[in-house]
Amino acid sequence: DLAPGSVDEAMIYAPPGVVERRYTLAMALRALKVGGRLDVMAHKSKGGSRLGKELKDFGLEVGETAKAHHRRCIVTRPEVIEGLDAAIAAGGLRQVEGLDAWSQPGVFAWDRVDPGTALLAGVMPPLKGAGADLGCGFGALSLVALRSPAVTSLRLIDIDRRAIAAAKKNVEDPRVSFEWADVRTLPTEGDLNFIVSNPPF
Numbered sequence: 005d006l007a008p009g010s011v012d013e014a015m016i017y018a019p020p021g022v023v024e025r026r027y028t029l030a031m032a033l034r035a036l037k038v039g040g041r042l043d044v045m046a047h048k049s050k051g052g053s054r055l056g057k058e059l060k061d062f063g064l065e066v067g068e069t070a071k072a073h074h075r076r077c078i079v080t081r082p083e084v085i086e087g088l089d090a091a092i093a094a095g096g097l098r099q100v101e102g103l104d105a106w107s108q109p110g111v112f113a114w115d116r117v118d119p120g121t122a123l124l125a126g127v128m129p130p131l132k133g134a135g136a137d138l139g140c141g142f143g144a145l146s147l148v149a150l151r152s153p154a155v156t157s158l159r160l161i162d163i164d165r166r167a168i169a170a171a172k173k174n175v176e177d178p179r180v181s182f183e184w185a186d187v188r189t190l191p192t193e194g195d196l197n198f199i200v201s202n203p204p205f
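Each residue of the sequence shown is one higher than the one before, counting from 5 in the working numbering.
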């Protein structure tokens, strides 16, 4: 996270989710110095057609162009921005009502238990030894795996920093470790007795 008013310019390829996109825009605007420039682009079918309006909702003057199925918007940060704190609060890490877990918009299946995860949880046998949860998300499968007292250690690994931040709040167990990383680039560290994973595809 960048300190407020710390950068002169920001460029963003905006995410498709509405809440996540508004959060991303708000965080970038907060980080800009007054008079700083924000250059943001999105595919027209993934939020680009709404991008200009969303920026105008912050009280900004927007320069907008279209090219190759994308919309590009450029704004200059004013002294006062409308709705900044609300957008940051809505898209930030929080406890999700009805889920009994911490999560954040943009994390895979951020506000629900994914059907694949639910299926795996229902058939997972008691595990033992050292294991890893690849693409751990907010930690739903890890919590199931750790029900077994025979599990000695569990590595929670995810490429999404936000998922790791949520998992740290949800999975409080002395047997676990957390790694923000692309699992394909990690060095092997000893033998594993099991792996749990519900890849997001």
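Using N, Cα and C, we set each Cβ at its ideal position, and we do this for glycine too.
Check                                                                                                                                          : Outcome
Between which residues of its own chain and ILE44 is the CB-CB distance below 6 Å, once the five residues before and five after are set aside? : At residue 44 the sequence reads Val, which differs from the Ile that was named. Excluding residues within five positions, the ones whose Cβ falls inside 6 Å are ILE16, ALA18 and CYS77.
Do PRO20 and LYS60 come within 7 Å of each other at the CB atom, strictly closer than that value?                                              : no
Can you check which of these residues, ALA149, ALA7 and LEU64, is closest to LYS132 by C-alpha distance?                                       : ALA149
What number of angstroms, rounded off, separates the C-alpha of ILE92 from the C-alpha of GLU193?                                              : 38 Å
How should ASP177 be labelled, buried or exposed, when 16 other C-beta atoms within 10 angstroms of its C-beta is the threshold for buried?    : exposed
Taking DSSP as the reference, what is the three-state secondary structure of GLY56?                                                            : helix
Mind checking GLY9: buried by the 16 CB within 10 Å criterion, or exposed?                                                                     : exposed
Tell me whether PRO19 sits in a helix, a strand or coil according to DSSP, three-state version.                                                : coil
Going by DSSP, what residue range makes up the beta strand (DSSP E) through GLY39?                                                             : 36-47
Can you tell me which residues form a DSSP beta bridge with ALA170?                                                                            : DSSP, once it has assigned bridges, lists no residue as partnering ALA170.
Per DSSP, which residues does THR80 bridge with? Please list them.                                                                             : ARG41
What are the start and end residues of the beta strand (DSSP E) that includes VAL148?                                                          : Per DSSP, VAL148 belongs to no beta strand (DSSP E); it is in the alpha helix (DSSP H), 144-149.
Using CA coordinates, which residue listed in GLY56, THR156, ALA144 and LEU158 is at the minimum distance from GLY103?                         : Correcting the residue identity first, residue 103 is Leu in this sequence and not Gly. Here the closest residue by C-alpha is ALA144.
If you measure between the beta carbons of LEU55 and ARG75, is that distance less than 7 Å?                                                    : yes
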